[in-house]
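To start, the structure itself, in structure tokens.
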Amino acid sequence: MERRIPLFWQLEIETRSTCNRTCAGCLRNSHPDREAVAPWFEDNELPTEVIHRLFREAQEMGFRGAVCLQHYNEPLQDSRIADLGATAMSMGFQHVFTCTNADYLNERVAESLDGRFHQLIVAVYVEEPHKSRREEWVRSLFSTTEVVLTHGEMIPTHFSPLFPVTLLSQRHAANPCWEPIKRMIVNHRGDMLMCCDDMVGHFDLGNVYDHSLEDLWFSERHQDLLLALEQPGGRSCHAHCLSCPRP
């Protein structure tokens with residue numbers, strides 16, 4: 164297998180399907196194909212043994228970078244999340260983190276997470292003055308794990324009703340894109356995803372039940388797409404890229 168691209172910088176795994184919120188700007192809710200996203204509104208999990216295998220396979224590839232245990236889901240709805248974080252940290256990955264809305268956070272949950280992740284990225288979706296007070300409270304719960312607050316700000320994504328996404332995608336259509344080369348993303352169904360704006364597997368890149376991480380990352384199709392996207396005008400290689408509102 165010829166390797167024409169470097170190894171990913173981050174392994175991102177969606178361990179569970181669900182989220183307790185229905186944010187308008189999130190692909191879970193804005194995606195027009197409701198049948199395609201239906202599994203995200205049912206209780207589905209990527210099996211623990213599969214997640215552990217992905218950790219091992221990444222390690223065997225020489226990967227020691229960042230591991231994110233979240234994609235389009237709320238990780239605190241996964242009862243395994245603290246143990247999964249601890250396992251990833253024990254395997255020597257340099258930065259193990261997850262992203263949460265903290266709605267399920269309390270003293271008991273925080274105690275189970277503290278020290279089992281290097282970092283929690285927290286988006287608090289409440290209005291001021293409650294937001295500042297809650298953010299301060301969240302910080303107070305952790306002594307070992309770093310807490311980073313994003314203040315719940317939305318960004319343009321495919322199909323978002325909050326931004327002029329058609330205008331933005333037209334503006335950026337000729338731009339190269341280097342986002343997909345950063346991350347190896349696996350959703351709760353085991354599908355390999357192209358990027359942050361891929362949720363359901365628009366690119367038919369394969370599944371971890373049928374292929375190893377190495378075979379997926381260095382597949383001819385995946386490498387061809389990434390190398391095309393690095394070129395000016397490369398977004399024309401796929402309709403989902405051409406309609407992307409990100410710069």
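Take 164 as the starting number for the sequence shown in this note's numbering and just add one per residue. Quick reminder that beta carbons are idealized off the backbone N, C-alpha and C, glycines included.
- For E198 and C400, the gap between their C-alpha atoms comes out near 25 Å.
- Rounded to the nearest angstrom, the gap between the Cα atoms of F381 and F256 is 21 Å.
- Within its own chain, the residues whose Cβ lies closer than 6 Å to the Cβ of G188, once the five positions on either side in sequence are excluded, are M317, S323 and L325, listed in chain order.
- Here S295 is exposed: its Cβ has fewer than 16 other Cβ atoms, across all protein chains shown, within 10 Å.
- The region 376-394 and the region 214-226 touch, with no fewer than 3 CB-CB distances between them shorter than 8 Å.
- In this structure, the alpha-carbon of P410 lies about 11 Å from that of R398.
- The region 234-247 makes contact with the region 171-190; the number of CB pairs closer than 8 Å reaches 3 or more.
- Looking from the CA of F171, the closest CA among T261, M254, R227 and E177 belongs to R227.
- DSSP, reduced to helix, strand and coil, places A249 within a helical segment of the structure shown.
- Put simply, the backbone Cα of R216 is about 27 Å away from that of V285.
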